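J.:
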Amino acid sequence: SRPPSQPKPVHIGSVRRDSGSLVSDNPVVQALLSFAQADQAFPPQAASIAGVQLEMRPRRDIEKALEEFKGAFTVEKAQLMSGANSSERVDEDVNADIHIPLLLKAIERGAAAFGPNALIGQNSAKAFLASCAPKITSNDDVLSEFINQKLKGDDD
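The sequence shown lines up with residues 25 to 180 when you count with this note's numbering.
(1) Count the C-beta pairs between the segment 72-92 and the segment 44-64 that are closer than 8 Å, then say yes if the count reaches three, no if not.
(2) Can you check which of these residues, 115, 100, 99 and 98, is closest to residue 106 by C-alpha distance?
(3) Going by DSSP, which residues form a beta bridge with residue 141?
(4) I'd like to check one pair, residue 126 with residue 97: are the Cβ atoms closer than 8 Å?
(5) Inspect the beta-carbon positions of residue 170 and residue 33 and report whether they are closer than 8 Å.
(6) Can you tell me the Cβ-Cβ gap for residue 175 and residue 149, rounded? I've got them flagged as a contact below 8 Å.
(7) Quick check: what's the CA-CA separation for residue 165 versus residue 93?
(8) Looking at residue 46: is its Cβ nearer than 8 Å to the Cβ of residue 62?
(9) Quick one: residues in its chain with C-beta nearer than 8 Å to the C-beta of residue 73, no 5 flanking neighbours on either side, listed in chain order?
(10) Taking C-alpha atoms, which residue in 104, 101, 160 and 177 lies nearest to residue 36?
(11) Which same chain residues, not among the five before or five after residue 89, have their C-beta less than 6 Å away from its C-beta?
(12) Between residue 119 and residue 100, which are expected to be in contact by the criterion C-beta below 8 Å, what is the C-beta distance as a whole number of angstroms?
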């Protein structure tokens, strides 16, 4: 049973060995396993017993994080050319929500999608995205340690 302060897992997958690689019945956990073993095989002790599970839990309130992200990438006003004078610009309320395309770029490219000096709220884009990374736990210490080391070494 989990402590009350610990959020529920958002993804849980059984992990087993198959032809030297680790595989999972959960597609999100499988994607994480594929990332972790892309350039280095898991240690032979990882998932060497039956019943291994891997869990992904949010580190923070995901809905709040999404609201912060949306707030940073909502354009409320734009300077547009005046209809009367093409050399004059006027403020127009546009309230354009551009967070979805930017969220897709963040998933694709990590903090590199925003450039080196980008801020989301008061944090750098890199720090903000890192705060949203899930916590990875497993009933197999070797497995969770290996994956967490891989994630820690990944800059994006």
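From the three backbone atoms N, C-alpha and C, an ideal C-beta is built for every residue, glycine too.
Keep in mind the model is a prediction, meaning the values are calculated, not measured.
T.: Answer, in terms of the structure:
(1) yes
(2) Your numbering for residue 106 matches position 82 in the sequence shown. Measuring from the Cα of residue 106, the nearest candidate turns out to be 115.
(3) Working through the sequence shown from its first residue, we reach residue 141 at position 117. Bridge partners of residue 141: none, in fact.
(4) As a first step, residue 97 must be located in the sequence shown, where it is residue number 73. As a first step, residue 126 must be located in the sequence shown, where it is residue number 102. Going by C-beta atoms, residue 97 is nearer than 8 Å to residue 126.
(5) For the purposes of this step, residue 170 is identified with residue 146 of the sequence shown, where counting begins at 1. For the purposes of this step, residue 33 is identified with residue 9 of the sequence shown, where counting begins at 1. Not a contact, by the Cβ cut-off of 8 Å.
(6) Here residue 175 corresponds to residue number 151 of the sequence shown, with the count starting at 1. Here residue 149 corresponds to residue number 125 of the sequence shown, with the count starting at 1. So it is not a contact: roughly 17 Å between Cβ atoms.
(7) Within the sequence shown, numbered from 1, the residue matching residue 165 stands at position 141. Within the sequence shown, numbered from 1, the residue matching residue 93 stands at position 69. Between residue 165 and residue 93, the C-alpha separation is close to 33 Å.
(8) Within the sequence shown, residue 46 is the residue found at index 22, counting from 1. Within the sequence shown, residue 62 is the residue found at index 38, counting from 1. Not a contact, by the Cβ cut-off of 8 Å.
(9) Taking the sequence shown and counting its residues from 1, one reaches residue 73 at position 49. Here the set comprises 164.
(10) Within the sequence shown, the letter at position 12 stands for residue 36. Looking at the Cα atoms, 160 is the closest of the given residues.
(11) Within the sequence shown, numbered from 1, the residue matching residue 89 stands at position 65. If we look at residue 89 and ignore the five residues flanking it on each side, its Cβ neighbours are 156.
(12) Position 95 of the sequence shown, counted from the start, is the residue given in the question as residue 119. Position 76 of the sequence shown, counted from the start, is the residue given in the question as residue 100. Right, their Cβ atoms sit about 6 Å apart.
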